[in-house]
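Down below is the structure, laid out as structure tokens.
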Amino acid sequence: MREAEVLEETLAFLDDALNGGDDTVSNGDLDATNTEHFEFWGPSRDQDLDLFVQNSSSNESHRDPEQQMRRRRTKKNYNHNKAREEFHAELVRLRAEVENLEFTLERLRTIRGEECLRSSEHTEKELQNKGESVWRHTCARQLEQRLRAEREHIHLVQSVERERQFIKKMQRHLNVQPALRNMVCPGTSKVTKRIEIPRGYIKDIADLIFSELSAGVEATYRQVEHMDSAIEPLLLHSTTCEPIVRGGCKEKRVEVFDRTIMPFGLSQTGDAWWKHWHNFRGQRAEDNPENVVTESFGFEITDVETNTFATFYVQQILWRHIGKNRIVFVWNSYSEPLVFKKKRISGVYYSEQSYVLIKSSDEAADGMSTYISSYLSITPHYLDPRLAKDTITMALTKFLMSSMPSEIMTQNEIVESLLLDQTLRRRRDG
Numbered sequence: 001m002r003e004a005e006v007l008e009e010t011l012a013f014l015d016d017a018l019n020g021g022d023d024t025v026s027n028g029d030l031d032a033t034n035t036e037h038f039e040f041w042g043p044s045r046d047q048d049l050d051l052f053v054q055n056s057s058s059n060e061s062h063r064d065p066e067q068q069m070r071r072r073r074t075k076k077n078y079n080h081n082k083a084r085e086e087f088h089a090e091l092v093r094l095r096a097e098v099e100n101l102e103f104t105l106e107r108l109r110t111i112r113g114e115e116c117l118r119s120s121e122h123t124e125k126e127l128q129n130k131g132e133s134v135w136r137h138t139c140a141r142q143l144e145q146r147l148r149a150e151r152e153h154i155h156l157v158q159s160v161e162r163e164r165q166f167i168k169k170m171q172r173h174l175n176v177q178p179a180l181r182n183m184v185c186p187g188t189s190k191v192t193k194r195i196e197i198p199r200g201y202i203k204d205i206a207d208l209i210f211s212e213l214s215a216g217v218e219a220t221y222r223q224v225e226h227m228d229s230a231i232e233p234l235l236l237h238s239t240t241c242e243p244i245v246r247g248g249c250k251e252k253r254v255e256v257f258d259r260t261i262m263p264f265g266l267s268q269t270g271d272a273w274w275k276h277w278h279n280f281r282g283q284r285a286e287d288n289p290e291n292v293v294t295e296s297f298g299f300e301i302t303d304v305e306t307n308t309f310a311t312f313y314v315q316q317i318l319w320r321h322i323g324k325n326r327i328v329f330v331w332n333s334y335s336e337p338l339v340f341k342k343k344r345i346s347g348v349y350y351s352e353q354s355y356v357l358i359k360s361s362d363e364a365a366d367g368m369s370t371y372i373s374s375y376l377s378i379t380p381h382y383l384d385p386r387l388a389k390d391t392i393t394m395a396l397t398k399f400l401m402s403s404m405p406s407e408i409m410t411q412n413e414i415v416e417s418l419l420l421d422q423t424l425r426r427r428r429d430g
């Protein structure tokens, strides 16, 4: 039924179009937009329509006029543009849908492009931030390393400069000839020196004193080994580097022991000590081939802190004994005080027995190390026993005995300075 109705509507439409008397559809009703609906009718559609027209014409010729009139009246009440309008509505709907789809597609593309752009910008920012962070850490690390290197360089330069200044000071000290007169050992205040011999002493008494001193020197030399062996335990168990003092003012004898090691050979140390003895506190003499020194001199002890001094008349004999593995200096002296604290002293004298033993150290295989063992003893003698309790005499005895450790230390310092000066001079001379 649907196909028959469509066919009848089509035939009616064609009749109206061919006759031109149908005012239902005019040319004005078809605008430029509506003509697009006829695109549906192509050449193939036209041929089909021609066939339908021919068939319909042949069929209509056989129909009676009454049916034609009834059909025409029926056609006038029928919408001949229904199919066209349906096609037009469908086309409009499809075009609207196409536009919506195109708009949606464009919008999606825009959104996707924005997202891609935003993502790319974010990625670029992340990469840029990462790059900046990497460069920042690299620069910070390099800067820290360079600052550390610069600080170390400055520290090393300062250290080198301090070492250079220290070396210059040491060179100045080493190149200066040590003062052998009135030398004060660090940590002490007593200074001893020789002065002119006072006049008025009888020569016979002096000769008697010298003969007694000579006998005492020989006796002391025979006891050197025994005394050195006896004092060795005291020196080994000592906890100080200063000389050991045994005895005091209340006892008759005061003894001082000391031992030191020097990094020089036996003969060099012995020669330096012998030279020091001949230059002893300003007294100069030629070498004695007999290794015996007999002398008389004035002796002065000064306390630089209290500005107190004492003067003595001294007679002394020294022997030098040179052995295969040792050198021994032995001396005895007679000391008679003259003035103490600006007061005349009489009725007391002091006898001194001393030695210096120089041996090669067993620890040094090359023989370039020696130890020096020193011994010094002083015994006061009172012509009047009551002087032993006299205030001035006791102060003088204490003053003299307190200078003994500094005297030994000063002698060792002077000998060491002489040896060092000789070594430097030999190296400079080549």
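If you count the sequence shown from 1, position 75 lands on 75 in the UniProt record's numbering, and the numbers rise without skipping.
Just so it is clear, CB atoms sit at the ideal spot from N, CA and C, and this is done for glycine as well.
A quick note: this is a predicted structure, and the numbers were derived from the prediction, not measured.
Sub-8 Å separation of residue i and residue j beta-carbons
i                 : j                : result
leucine 383       : alanine 310      : no
glutamate 352     : threonine 192    : no
serine 354        : tyrosine 375     : yes
valine 254        : proline 405      : no
leucine 396       : isoleucine 345   : yes
glutamate 290     : glutamine 316    : no
leucine 174       : leucine 419      : no
phenylalanine 340 : isoleucine 392   : yes
glutamate 88      : phenylalanine 13 : Note that residue 88 is histidine in the sequence shown here, rather than glutamate. Going by C-beta atoms, histidine 88 is not nearer than 8 Å to phenylalanine 13.
proline 243       : methionine 409   : yes
histidine 226     : isoleucine 414   : no
Close-in-space but distant-in-sequence residues of the same chain around residue i (CB under 6 Å, 5 per side omitted)
i             : result
valine 314    : Phe297, Phe299, Ser333, Ser335
threonine 260 : Ile372, Asn412
asparagine 27 : Because the pLDDT at asparagine 27 is just 42, under 50, the model does not fix this residue reliably, and the value given afterwards should be weighed accordingly. Excluding residues within five positions, none has a Cβ falling inside 6 Å.
alanine 83    : none
arginine 326  : Lys359
Run of the beta strand (DSSP E) containing residue i, from where it starts to where it stops
i              : result
leucine 318    : 308–322
lysine 359     : 348–360
aspartate 303  : 292–303
arginine 253   : No beta strand (DSSP E) contains arginine 253, which DSSP labels as neither H nor E.
isoleucine 244 : 244–247
For residue i, three-class secondary structure by DSSP
i              : result
aspartate 390  : coil
arginine 326   : strand
histidine 80   : coil
arginine 259   : strand
glycine 265    : coil
glutamine 422  : helix
proline 337    : strand
isoleucine 414 : helix
lysine 343     : strand
asparagine 279 : coil
serine 120     : helix
leucine 376    : strand
8 Å Cβ shell around residue i - same chain, five flanking residues per side excluded
i                 : result
glutamate 416     : Met262
glutamate 230     : A small fix is needed here, since residue 230 is alanine in this sequence, not glutamate. Here the set comprises nothing.
phenylalanine 210 : Thr294, Gln315, Ile317
lysine 252        : Thr379, Pro380
Residue i - containing alpha helix (DSSP H), residue span
i          : result
serine 369 : Premise fails: serine 369 is in no alpha helix (DSSP H) and is neither H nor E.
Same chain, Cβ closer than 7 Å to residue i, neighbours up to 5 away in sequence not counted
i             : result
aspartate 228 : Leu357, Ser373
tyrosine 221  : Trp319, His321, Val328, Val330
serine 369    : Ile261, Pro263, Ser361, Glu363
residue 434   : Any property of residue 434 remains undetermined from this structure, which presents the chain solely from 1 to 430.
threonine 33  : Per-residue confidence for threonine 33 stands at a pLDDT of 42, beneath the threshold of 50, marking its modelled position as unreliable; the derived number appears in the next sentence. If we look at threonine 33 and ignore the five residues flanking it on each side, it has no Cβ neighbours.
Short CB-CB distance (under 8 Å) between residue i and chain B
i             : result
histidine 122 : No chain B appears in the structure shown, which is made up of a single protein chain.
Take every Cβ of the segment 267–274, pair it with every Cβ of the segment 379–397, and state whether three or more of those distances are shorter than 8 Å. no
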